[in-house]
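Chemist: Residue numbers (UniProt numbering): 1 to 772. Handing you a structure now.
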Amino acid sequence: MLPLRGVALSSFAAADFQAEQAYLTTLYNRLDSLRAQADERLRAILLEAGGTPQGRAQREATRAHYSEQLAQMNAVENALCFGRLDFVAGQPRYIGRIGLSAEEHDRDPLLVDWRAPASRPFYLATAVSPDGVKRRRHLRTKGRTLTGIDDEVLDLEAGESGGREDVTGEAALLSALTANRTGRMRDIVETIQAEQDEVIRAGLPGIMVVQGGPGTGKTAVALHRAAYLLYTYRGRLTKQGVLILGPNPTFLRYISQVLPSLAETGVLLATLGDMFPGVRARAVEPPATAALKGSTAMLDVLARAVADWQTVPDTYAEVDHDGYPLRIERSVLEDARAVARRSGRPHNVARSIFVTEAIHALSLEIAERIGADPLGGENLLSEADLAETRRELREDVDVQQALFDFWPVLTPRRVLRELLSDPDRLASAAAGLTEAEQALLLRDHDARWTPADVPLLDELAELLGVDDTLKARQAAQERREAIEYAEGVLEIVEGSRSLDFEDQEEEILSAIDVVDASAFVERHEVLDTRTAAERAAVDRTWVFGHVIVDEAQELSPMAWRLLMRRCPSRSMTVVGDVAQTSELAGTTTWEQVFEPYVAQRWNLVELTVNYRTPAEVMAVAADVLGALDPALEPPRSVRTAGVDPWALRVPAVALAAETIAAVRVEAAEAGEGRVGVLAPEGLAADLGRALVEAVPGAAVGEQPDLLNQVVLMTVRQAKGLEFDSVIVVEPDRIIAESPRGLSDLYVAVTRATRRLGVLHTTDLPKVLSALA
Numbered sequence: 001m002l003p004l005r006g007v008a009l010s011s012f013a014a015a016d017f018q019a020e021q022a023y024l025t026t027l028y029n030r031l032d033s034l035r036a037q038a039d040e041r042l043r044a045i046l047l048e049a050g051g052t053p054q055g056r057a058q059r060e061a062t063r064a065h066y067s068e069q070l071a072q073m074n075a076v077e078n079a080l081c082f083g084r085l086d087f088v089a090g091q092p093r094y095i096g097r098i099g100l101s102a103e104e105h106d107r108d109p110l111l112v113d114w115r116a117p118a119s120r121p122f123y124l125a126t127a128v129s130p131d132g133v134k135r136r137r138h139l140r141t142k143g144r145t146l147t148g149i150d151d152e153v154l155d156l157e158a159g160e161s162g163g164r165e166d167v168t169g170e171a172a173l174l175s176a177l178t179a180n181r182t183g184r185m186r187d188i189v190e191t192i193q194a195e196q197d198e199v200i201r202a203g204l205p206g207i208m209v210v211q212g213g214p215g216t217g218k219t220a221v222a223l224h225r226a227a228y229l230l231y232t233y234r235g236r237l238t239k240q241g242v243l244i245l246g247p248n249p250t251f252l253r254y255i256s257q258v259l260p261s262l263a264e265t266g267v268l269l270a271t272l273g274d275m276f277p278g279v280r281a282r283a284v285e286p287p288a289t290a291a292l293k294g295s296t297a298m299l300d301v302l303a304r305a306v307a308d309w310q311t312v313p314d315t316y317a318e319v320d321h322d323g324y325p326l327r328i329e330r331s332v333l334e335d336a337r338a339v340a341r342r343s344g345r346p347h348n349v350a351r352s353i354f355v356t357e358a359i360h361a362l363s364l365e366i367a368e369r370i371g372a373d374p375l376g377g378e379n380l381l382s383e384a385d386l387a388e389t390r391r392e393l394r395e396d397v398d399v400q401q402a403l404f405d406f407w408p409v410l411t412p413r414r415v416l417r418e419l420l421s422d423p424d425r426l427a428s429a430a431a432g433l434t435e436a437e438q439a440l441l442l443r444d445h446d447a448r449w450t451p452a453d454v455p456l457l458d459e460l461a462e463l464l465g466v467d468d469t470l471k472a473r474q475a476a477q478e479r480r481e482a483i484e485y486a487e488g489v490l491e492i493v494e495g496s497r498s499l500d501f502e503d504q505e506e507e508i509l510s511a512i513d514v515v516d517a518s519a520f521v522e523r524h525e526v527l528d529t530r531t532a533a534e535r536a537a538v539d540r541t542w543v544f545g546h547v548i549v550d551e552a553q554e555l556s557p558m559a560w561r562l563l564m565r566r567c568p569s570r571s572m573t574v575v576g577d578v579a580q581t582s583e584l585a586g587t588t589t590w591e592q593v594f595e596p597y598v599a600q601r602w603n604l605v606e607l608t609v610n611y612r613t614p615a616e617v618m619a620v621a622a623d624v625l626g627a628l629d630p631a632l633e634p635p636r637s638v639r640t641a642g643v644d645p646w647a648l649r650v651p652a653v654a655l656a657a658e659t660i661a662a663v664r665v666e667a668a669e670a671g672e673g674r675v676g677v678l679a680p681e682g683l684a685a686d687l688g689r690a691l692v693e694a695v696p697g698a699a700v701g702e703q704p705d706l707l708n709q710v711v712l713m714t715v716r717q718a719k720g721l722e723f724d725s726v727i728v729v730e731p732d733r734i735i736a737e738s739p740r741g742l743s744d745l746y747v748a749v750t751r752a753t754r755r756l757g758v759l760h761t762t763d764l765p766k767v768l769s770a771l772a
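Below you can see the structure in the form of C-alpha cells.
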C-alpha cells in the first residue's frame, strides 16, 4: 500500500534533464508552427465569400476543420508531453495529449497521441509483461518547463523493477493523488491504470456497464473513454455527437475541463433535467413523488391523459355553416375518433384523419339535405359537388374550431401541466393508481418543472407526435416568397442595365445573365454551422452516436426509456455503483435496467482498486457498506493517509459553532485544498447561513461554486465529487431523511481524499461505531 506523503524527485544527471527539456522545446516549437499554419489557413477561408451552395458547404467544412484543430492545439498547451517509452530495440517513443508529426513526413512522429495503439504499452507494460519496454519515463512539467522525471525500469535484466504488480507509474500516480483538489476534476491521462485502460479502449458497439465503488475512477474513465472514442471513430461521432449525462449541474461544472484538456470539445454535457429542449428542470420534489413519476406505471397514465383530450359531445354540437345551423352528431365524431385511433398514429398526426372522417360524414349529411331529389330519386349532387362541399367545410372557421375543440393540437407541456394540476383529469387518467399515489402527483398549475418531469414530457412527445404538414407548407410558402423577392431584385438589375448601358456597343454581363431567381435564393441560404452537440441540445429527436451515463444507478425506468430513444444503436458506456443508489426510482441491479432493451446482451466490467479514498477512510466506509449488503466488497485502497478519521459529539445548540470551528481547522490542514461539509437536507440552509457569515467565501446553495475552498452541500449534491477534507454533519439525520439512508451515508464518508471528520449531537449510528 502506498503511503500518502510527498515523493522525493529522483536524482538524474543534469544532461538527462537538459536533453528532455530540449526535446520538450522542440515539441512546443512544432506545436506553435502547426498552430500558425492552421490559423493562417482559417483566416484565408474566412475572407472568402460567395460561390455555389456546394462550394460554400465545402468551405464551411474546411473552416470547421481548422477551427477544431486550433481549439485542440490551444487546449493541450499544458502538459503537452508527459511520457516516454524506451524499448529494448528501437527508438524512444514520446507520449502526449495529441500526436505531432515531424516536418519531414517520412520520419517517425515527434509525439504519439495517448489514444493511439502505439501508446498503449505506456499504460499496460509491467515488469512481468514488459511488451518490449525497457523503461517507462514520466515527465512532469509546468507550462513549457520540465520540473521532474520519474523512471520505471521494466526490463528485469537491465535492473530491478521500480513498478508494482497492480499500479503502473507509482510515483506519478501518488503525485497526482496527493495533489490538492482545485474544485475541478483533473484528467488522468498520465496515470491511467491497466484495468482502467481496458475500459477506455473498448470498442464502440454495445452497452458497457462499468461498476465500481468510490474512488475507483469511474467518472475519469468514462470521460477518457469519450476522448478515445472520438479519436478512434471521429468521422461517425463528429456527425452524430456524444452525450455525457451527469447527475446535476454542479457535477457537470466539476468535470467540464477534463475533455477540453484532452483536446476534445464536441461533446454535449447535460443532466436529465436538460433533456427536453425548452425546459430547464431544476425544481426539487419529494422522493416518493419522483419515484412514482419514474415508474413505468406512468405509461398508462400518460396514454390515458392524451386520450382524454379526444372528446365527443354528449349528444351533438351545433355550428353555423354558410348561414345555416349544422348539427355535428355524437355518432359522427365517435366514428371519426375510432378511425383515427385505429391508425395507431400519434395524437397530433392522427388529427388529420379525425378531421377528414368528420368532414366526409358532414358533407354526406349536407348532400342529403340539399341534394335530395324531390321525387324520391338519387341524390342530385355530383362527386364534384361533394368535393366542393368538403372544401367549404374545411375552410369554415366555425366548423374547424368545433373539430379542434374535440381533437386539439397538443404540446407535451400543456398535457402534463394540466394532468398534474387538475384533480379531475388526474383521476380519469390515473384510475389505476391509488388515491394516495394520485395525491403525490397533484401540484399547482404554475409549479416549476422537476427532473422527473422530463421523461414524462419526452414520453408525451412520442404519444403526441408532430404534424409536419403545416410546417412543410409554411417552408414552401417562404421559399416562394423568397424567389418572388429575388425575381424583383433581378428585374431591377435588368431595368438598370437597359437604362445605363443601352448606348454601349459591347455587351456587358450582369447578374440576370448568369443566375435565375431560384439559384439566387440558393446562394443566399444560411448554412447551419453549429456543431453536432449544439444541434443536439435543441433537437429532442437527435440520435447520438454514443451515450455515457454517470451515476447511472440513480436513473428511473422512465429516464432509461428516454435515453434508449436517444441511442437506438445501444452504443453506451454506463458507469455507477449500485451500493450508492439514493433515488427511490433508482436501481439495485443492472439486469433490471437492461433486460427490457437488450436482454443479456450487455457487458459488465468491475473496477476494484480505490485510488481516491485512503485506507483509513475506507475502513469506516466498509462498515457502512457491510450494513447495506454483506455480500458487497469495498474497493481496495492503494494508499494510506497517515491520519485517522475522527468523530466529535457536540451539544445541539452548539452544532453551528462547532461546525465552523471544525471547518477552520480542516481548511488550515488542507492548505490550498478543498473542504466539503456534507449536511442533512433539513439542516443545510440554516447551517449554510451561519457558515457564510463566519467564513467569508464559503459556497452554499443549490449550485455552489466548487472553486471556493469551503463548500457546504447535501449528499445529493455531492454525488461524484471529492474534497481533500470532508466533515459529515449529523449522520443519523442523513440516514433518517433519505429513503436510502445508508447509501447516502456511504456516499458521504467516501468523498474525502485525505481527512474525514464527523460531528454529531446524538449517539453515532452503529455503522460508524468504529469512530467512537
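Yeah, the Cβ is synthetic: ideal placement off N, Cα and C, and Gly gets one too.
Take R391 as the anchor and find which of W407, S421, T356 has the nearest alpha-carbon.
Modeler: The shortest Cα separation from R391 among W407, S421, T356 belongs to T356.
Chemist: Would you list, in sequence order, the uninterrupted beta strand (DSSP E) runs of no fewer than 3 residues that lie entirely inside the stretch 84 to 172?
Modeler: As far as the stretch 84 to 172 is concerned, its whole beta strand (DSSP E) runs of at least 3 residues are 93 to 96, 133 to 142, 145 to 153.
Chemist: Going by DSSP, what residue range makes up the alpha helix (DSSP H) through P557?
Modeler: Looking at the DSSP string, the run of the alpha helix (DSSP H) that includes P557 is 557 to 566.
Chemist: Thinking N180 and E672 are a contact (beta carbons under 8 Å), I'd like their distance in whole angstroms, please.
Modeler: 5 Å
Chemist: So the beta strand (DSSP E) M713 belongs to, where does it begin and stop?
Modeler: Following the DSSP letters along the chain, one finds M713 inside the beta strand (DSSP E) bounded by residues 710 to 713.
Chemist: Just verifying my parser: in three-state terms, what is the DSSP assignment at V514?
Modeler: Bear in mind that a pLDDT of 49 at V514, under 50, signals an unreliable position, so the number given afterwards is only what the model happens to contain. Correct three-state label for V514: helix.
Chemist: Quick check on the burial criterion: 16 or more other C-beta atoms within 10 angstroms. Buried or exposed for residue 841?
Modeler: In this structure the chain extends from 1 to 772, so residue 841 is not present and cannot be described.
Chemist: Just curious, the beta strand (DSSP E) that D577 is in, first and last residue?
Modeler: Where D577 is concerned, there is no enclosing beta strand (DSSP E), because DSSP gives it neither an H nor an E.
Chemist: Going by CA-CA distance only, name the one from V710, A263, P614, V312 that's closest to A667.
Modeler: V710
Chemist: Does E20 pass the burial test, meaning 16 or more other C-beta atoms within 10 Å, or should it be called exposed?
Modeler: buried
Chemist: When you compare only the Cα positions, how much space is there between A57 and R135?
Modeler: So the alpha carbons of these two residues sit roughly 49 Å apart.
Chemist: Please tell me whether R327 and V312 are closer than 7 Å, where the distance is taken between their beta carbons.
Modeler: no
Chemist: Which residues mark the beginning and the end of the beta strand (DSSP E) in which Y254 is found?
Modeler: Y254 -> not in any beta strand (DSSP E); alpha helix (DSSP H) instead, spanning 249 to 255.
Chemist: For I207, which beta-bridge partners are listed by DSSP?
Modeler: M572, W602
Chemist: Provide the residue span of the alpha helix (DSSP H) that contains F406, from first to last.
Modeler: From DSSP, the alpha helix (DSSP H) with F406 extends over 397 to 406.
Chemist: Answer with buried or exposed for F501, where buried requires no fewer than 16 other C-beta atoms within 10 angstroms of its C-beta.
Modeler: Because the pLDDT of F501 is 49, which lies under 50, any placement of that residue in the model is unreliable, and the question is left without a value.
Chemist: Within 10 angstroms of the Cβ of V695, are there 16 or more other Cβ atoms? Answer buried if so, exposed if not.
Modeler: That one is buried.
Chemist: Which runs of the alpha helix (DSSP H) spanning at least 4 residues fall entirely within the stretch 300 to 349, listed in chain order?
Modeler: 330 to 342
Chemist: For I200, which of helix, strand or coil comes out of DSSP?
Modeler: helix
Chemist: Please go through the same chain and pick out, in chain order, the residues whose beta-carbon is closer than 7 Å to the beta-carbon of V692, but skip the five residues on each side of it.
Modeler: Beyond the five residues adjoining it in sequence on each side, V692 comes within less than 7 Å, by CB distance, of A698, V700 in the same chain, given in chain order.
Chemist: Pull up the CB-CB distance for G99 and D113, whole angstroms please, since I reckon it's below 8 Å.
Modeler: At roughly 4 Å, the Cβ-Cβ gap stays under 8 Å, so G99 and D113 are in contact.
Chemist: Taking buried to mean at least 16 other C-beta atoms within 10 Å of its own C-beta, is R369 buried or exposed?
Modeler: exposed
Chemist: Evaluate contact between the stretch 333 to 346 and the stretch 440 to 453, counting only Cβ atoms and requiring at least three cross-stretch pairs below 8 Å.
Modeler: no
Chemist: Tell me the DSSP secondary structure of F501 in three-state form.
Modeler: Summary for F501: the model assigns pLDDT 49, below 50, so the residue's position carries little reliability; its value from the coordinates is reported in the next sentence. The answer is coil: DSSP assigns F501 none of H, G, I, E or B.
Chemist: Is DSSP giving F82 helix, strand or coil here?
Modeler: strand
Chemist: From R63 to A461, what distance separates their C-alpha atoms?
Modeler: 36 Å
Chemist: In whole angstroms, give me the CA-to-CA distance for T588 and L420.
Modeler: Straight-line measurement puts the Cα of L420 at about 29 Å from the Cα of T588.
Chemist: Rounded to whole angstroms, what is the Cα-Cα separation between A670 and D150?
Modeler: 26 Å
Chemist: According to DSSP, is residue 808 part of a helix, a strand, or is it coil?
Modeler: Lying outside 1 to 772, the shown extent of the chain, residue 808 is not represented and no answer is given.
Chemist: Alpha carbon to alpha carbon, how far is V189 from K218? Give it in angstroms, no decimals.
Modeler: Near 14 Å, if we compare the C-alpha coordinates of V189 and K218.
Chemist: Tell me the rounded alpha-carbon separation between E68 and N603.
Modeler: 33 Å
Chemist: Of the choices R201, V76, L433, whose alpha-carbon is the least far from that of D300?
Modeler: L433
Chemist: Applying the criterion that 16 or more other CB atoms from any shown protein chain within 10 Å of the CB defines a buried residue, is R649 buried or exposed?
Modeler: By the 10 Å Cβ count, R649 comes out exposed.
Chemist: Does the beta-carbon of R175 have 16 or more other beta-carbons within 10 angstroms, so that it is buried, or is it exposed?
Modeler: The question names Arg, but residue 175 in the sequence shown is Ser. The residue in question, S175, is buried, as its Cβ has 16 or more Cβ neighbours within 10 Å.
Chemist: Here's the rule I'm using: 16 or more other beta-carbon atoms within 10 Å means buried, otherwise exposed. How should Y611 be labelled?
Modeler: Residue environment for Y611: buried (at least 16 other C-beta atoms within 10 angstroms of its C-beta).
Chemist: Let me make sure I understand the geometry here. Which of E658, A736, T750, S261 has the alpha-carbon closest to that of L625?
Modeler: Restricting attention to E658, A736, T750, S261, the CA atom closest to the CA of L625 is found in T750.
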